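Q:
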Amino acid sequence: MVSILTGATFQHWITKHDSFIFDCDGVLWNSGKRLPGIKKLLNLLNKEKKQTFYLTNNSTKHFKQFRSEFEKYEFPFLDKQQLLTPTTLLSPLIDTIPNFDRTKDKIFAVGEKPFFNTMKEFGLNVVTAEDHGDPIDLFFGKKVKLDEKVKIAIIGWDRHFSWSKSALLSLYLYNRPDVTFLATNPDASFPFGKLQFPGTGSLVRMVEHATGRKAKIIGKPEVTSFEVIQRVLKKKGLVVDKKRVCMIGDRIDTDLKFAENVGISSCCVGTGISNIEDLEKTDIKIDYWVDNFGDFF
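For the sequence shown, the working numbering assigns the number 17 to the initial residue and increments by one for each residue that follows.
1. In whole angstroms, what separates the C-alpha of residue 166 from that of residue 26?
2. Does the stretch 159-173 come within contact of the stretch 113-132, defined as at least 3 CB pairs closer than 8 Å?
3. Is the separation between the beta-carbon of residue 102 and that of residue 200 shorter than 8 Å?
4. Less than 8 Å separating the beta-carbons of residue 38 and residue 264?
5. Kindly indicate which residue of 98, 17, 79, 76 has the alpha-carbon position closest to the one of residue 245.
6. With H, G and I counted as helix, E and B as strand and the rest as coil, what does DSSP make of residue 49?
7. From 32, 22, 21, pick the residue whose C-alpha is nearest to that of residue 259; which is it?
8. What are the residues that DSSP puts in a beta bridge with residue 305?
9. Using CA atoms only, rank isn't needed, just tell me which of 234, 226, 268, 305 is closest to residue 297.
10. Where does residue 266 land, buried or exposed, given buried means 16+ other C-beta within 10 angstroms?
11. Pair every Cβ in the stretch 68-79 with every Cβ in the stretch 291-305, then say whether three or more of these pairs are closer than 8 Å.
12. Taking the alpha-carbon of residue 188 as reference, which of 175, 159, 227, 156 has the nearest alpha-carbon?
13. I'd like to know if the stretch 131-145 and the stretch 83-98 are in contact, where contact means that at least 3 CB-CB pairs between them fall below 8 Å.
14. Does the distance between the C-beta of residue 306 and the nearest non-hydrogen atom of the ligand SAH fall short of 7 Å?
15. What's the gap between the Cα of residue 313 and the Cα of residue 233?
16. In this structure, does DSSP put residue 112 in helix, strand or coil?
17. Identify every residue that forms a DSSP beta bridge with residue 69.
18. In the DSSP assignment, the alpha helix (DSSP H) including residue 58 goes from what residue to what residue?
19. Which word fits residue 47, buried or exposed, when buried means at least 16 other C-beta atoms lie within 10 angstroms of its C-beta?
20. Going by DSSP, what residue range makes up the beta strand (DSSP E) through residue 124?
21. Are the CB atoms of residue 274 and residue 230 nearer to each other than 8 Å?
22. With 16 other CB atoms within 10 Å as the buried threshold, where does residue 148 fall?
This is the structure we're talking about:
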């Protein structure tokens, strides 16, 4: 049973949780604008010594860009440990891939420049479509040389995604079972105001369909990020009680599914993708609903 937060229950909701995990797009901001009540909510949580984390499936921004947005919207100071993105989660995940040696093996990546740059900062050897010929040349008797050292192929959101990039991914994945297939997230779309645009998940499905390979997801709804959050809290000497952790998101299939997978509390907010009617169409467990946090301030 979903509880709809009201002025009478809002403070109790805050009191019963020690840690809050926020999605970003559609929760903190939408179409370049700060959403109602969010600044006051974050300041209140900060004042009450609550632990806050920001878990986004957005791989297109560097940490410095996120910090700049927090400053622009006058949110509390953003520490590196508070922000979890598919790119920051990739480095620890790679260490669990048996056949990948980060000292010599390479990653073929499709995405945006901040995505590539962050991976390089982690010491990963990244090659992109620009390092290859155009696969269309194969149809004209020319060769397209693939890099034998590539052991991972990964997709992040790419506004310039093309047939050529999907073909390169397919060339690496179709005949190379030793190449691990990763994707930053499964989001089919993302919000901009009242509009929705194709997200990373739409690109991933194209390559999955072409190759018959299933991508391993790095971000939500996978639970890798919560393991990182637990380590951060334990370093602070805090006991992690899942009953006192709440995920706040606007997407049922990623944000709220993540909360269900982890076993923590969840709150769906109606300022992004999902609306209150969607709650009746899902089997995913959702604990709270709020139209927007501006109602409480």
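Note that the Cβ used here is the ideal one computed from N, Cα and C, for glycine as well. Since the structure is predicted, the reported quantities are computational estimates derived from the model, not experimental observations.
A: Based on what the coordinates show:
1. By one-based count along the sequence shown, residue 166 stands at place 150. By one-based count along the sequence shown, residue 26 stands at place 10. Computed Cα separation, rounded: 50 Å.
2. Under the 8 Å Cβ criterion, the stretch 159-173 counts as touching the stretch 113-132, having at least three qualifying pairs.
3. Walking along the sequence shown from the start, residue 102 turns up at place 86. Walking along the sequence shown from the start, residue 200 turns up at place 184. Residue 102 is a Cβ neighbour of residue 200, given a cutoff of 8 Å.
4. Within the sequence shown, numbered from 1, the residue matching residue 38 stands at position 22. Within the sequence shown, numbered from 1, the residue matching residue 264 stands at position 248. Yes, the Cβ-Cβ distance between residue 38 and residue 264 is below 8 Å.
5. As a first step, residue 245 must be located in the sequence shown, where it is residue number 229. Between residue 245 and the set 98, 17, 79, 76, the nearest pair of CA atoms involves 98.
6. What you label residue 49 is simply residue 33 of the sequence shown in a count that begins at 1. In the structure shown, residue 49 sits in a strand (DSSP, three-state: E or B).
7. The residue you call residue 259 lines up with position 243 of the sequence shown. Its Cα nearest to that of residue 259, the residue 32 stands out among 32, 22, 21.
8. On the sequence shown, residue 305 is found 289 positions in, with the first residue counted as 1. Residue 305 pairs with 20, 284.
9. The count along the sequence shown starts at 1 and reaches residue 297 at position 281. Measuring from the Cα of residue 297, the nearest candidate turns out to be 268.
10. Walking along the sequence shown from the start, residue 266 turns up at place 250. By the 10 Å Cβ count, residue 266 comes out buried.
11. Taking 8 Å as the limit for Cβ pairs, the verdict is that the stretch 291-305 does not touch the stretch 68-79.
12. In the sequence shown, residue 188 corresponds to position 172, counting from 1. Of 175, 159, 227, 156, the smallest CA-CA separation from residue 188 is found for 227.
13. By the Cβ test, the stretch 131-145 is not in contact with the stretch 83-98, since fewer than three Cβ pairs between them sit closer than 8 Å.
14. The ligand SAH is not part of this structure, which contains no ligands at all.
15. Here residue 313 corresponds to residue number 297 of the sequence shown, with the count starting at 1. Here residue 233 corresponds to residue number 217 of the sequence shown, with the count starting at 1. For residue 313 and residue 233, the distance between alpha carbons rounds to 37 Å.
16. Along the sequence shown, read from residue 1 onward, the residue named residue 112 stands at position 96. DSSP, read as helix, strand or coil, puts residue 112 in coil.
17. The residue given as residue 69 occupies position 53 in the sequence shown. DSSP, once it has assigned bridges, lists 37 as partnering residue 69.
18. Here residue 58 refers to the residue found at position 42 when the sequence shown is read from its first residue. Segment 54-63, the alpha helix (DSSP H) holding residue 58.
19. For the purposes of this step, residue 47 is taken as the residue at position 31 of the sequence shown. Its Cβ having fewer than 16 others within 10 Å, residue 47 is exposed.
20. As a first step, residue 124 must be located in the sequence shown, where it is residue number 108. Counting along the chain, the beta strand (DSSP E) containing residue 124 begins and ends at 122-126.
21. Within the sequence shown, numbered from 1, the residue matching residue 274 stands at position 258. Within the sequence shown, numbered from 1, the residue matching residue 230 stands at position 214. The criterion of a C-beta distance shorter than 8 Å is not satisfied by residue 274 and residue 230.
22. Translated into the one-based positions of the sequence shown, residue 148 becomes position 132. With 16 or more Cβ atoms within 10 Å of its Cβ, residue 148 is classed as buried.
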